[in-house]
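**Q**
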Amino acid sequence: GYTTSLEEICNDADVYVVMVKDAVLQELIPSVVKGREDAMFVHTAGSMPMSVWEGHALRHGVLYPMQTFSKAREVDFASVSFFVEANGDSDLMMLKTMASALSPKVYEATSAQRTSLHIAAVFACNFTNHMYALCDRLLKAQGVPFEVMLPLIDETARKVHELKPQDAQTGPAIRNDKNIIESHLNMLDDEPGLKEIYEMISNSIHRL
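Using our numbering, read the sequence shown as starting at 669 and increasing by one per residue.
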């Protein structure tokens, strides 16, 4: 079972999975563990180390599902990669078994590896989605619906299933087409924030 209230947490579970914002995880841990010290405790955060449990729970670990979650969409957990870590071999096997009931994609990862995974995921997911939001803004200014971009977005995502991202790169920056780049930058004179992003990303593409 699950609860969002500290007062409703049962005292007889074998494993407790704590799923809260990173900012409040550390301050909640003492209250969550108190009176349940013999149980196994795990959090699901990508950027928080396993060591946050030390001094509170003897048996502890991490069960990190690397996926983007939105309230308005259901997630197919069978396609989600899970990264697990525990401070004991038997508990690590238990976490692997738990995660395997949800997905065939279960991997061991240290706290350092998981932090790098989380940073990489920000680039792959959060920053990419922000680019969609900026794209939508530019299109709206011209009265064009965002849906016209969906085939392009879908094909871009499909390509990296077969090609390395660097091999899949297209556009004026990879070709170093200075005429088009300068034209685009001039068009963004009234949008200094977008102009800065365009120039920074174009330079990064060219350098890489």
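All residues carry an ideal CB built from backbone N, CA and C; glycine is no exception. A quick note: this is a predicted structure, and the numbers were derived from the prediction, not measured.
(1) With which residues is Asp731 paired in a DSSP beta bridge?
(2) Could you pull the start and end residues of the alpha helix (DSSP H) that His852 belongs to?
(3) Helix, strand or coil, according to DSSP, for Met761 in the structure here?
(4) How many Å lie between Leu806 and Lys863 at the Cα?
(5) Are there 16 or more other CB atoms within 10 angstroms of the CB of His728, so buried, or fewer, so exposed?
(6) If you compare alpha carbons, which of Phe750, Lys832 and Cys793 is closest to Met734?
(7) Is it buried or exposed for Leu624, if we count other Cβ within 10 angstroms and need 16 for buried?
(8) Under three-state DSSP, which class holds Tyr670?
(9) Pro708: which of Met716, Gly839 and Ile697 sits nearest, CA to CA?
(10) Could you tell me whether any non-hydrogen atom of the ligand ZN is closer than 7 Å to the CB of Asn794?
(11) Does DSSP put Glu776 in a helix, a strand or coil?
(12) Would you mind listing the alpha helix (DSSP H) stretches within the stretch 673-718 that are 4+ residues and don't spill past its ends, in chain order?
(13) Are three or more beta carbon pairs between the stretch 812-820 and the stretch 739-757 nearer than 8 Å?
(14) Within the same chain, show all residues whose beta-carbon is closer than 7 Å to that of Ala681, passing over the 5 residues directly before and after it, in chain order.
(15) Given a cut-off of 8 Å on the beta-carbon distance, is the pair Leu760 and Ala754 in contact?
(16) In or out: Gly714 buried (at least 16 other Cβ within 10 Å) or exposed?
(17) CA-CA distance, Ser779 and Gly811?
(18) Under the rule that 16 or more other beta-carbon atoms within 10 Å means buried, what is Met868, buried or exposed?
(19) Between which two residues does the alpha helix (DSSP H) carrying Thr824 extend?
(20) To the nearest whole angstrom, what separates the beta carbons of Val686 and His711, a pair I think is in contact under 8 Å?
(21) What residue range does the alpha helix (DSSP H) around Lys808 cover?
(22) Taking the continuous alpha helix (DSSP H) assigned at Gly861, which residues delimit it?
**A** Judging by the given coordinates:
(1) Position check: residue 731 holds Leu in this sequence, whereas Asp was assumed. DSSP lists Val752 as partners of Leu731.
(2) Lys846 to Met855
(3) helix
(4) 12 Å
(5) buried
(6) Phe750
(7) Because the chain is modelled from 669 through 876, residue 624 falls outside the range shown and cannot be assessed.
(8) coil
(9) Looking at the sequence provided, one finds Met at residue 708 rather than Pro. The residue with the shortest Cα to Cα distance from Met708 is Ile697.
(10) You won't find the ligand ZN in this model; it holds no ligand whatsoever.
(11) strand
(12) 690-701
(13) no
(14) Ala707
(15) yes
(16) buried
(17) 46 Å
(18) exposed
(19) Leu818 to Lys827
(20) 5 Å
(21) Thr796 to Ala809
(22) Pro860 to Arg875
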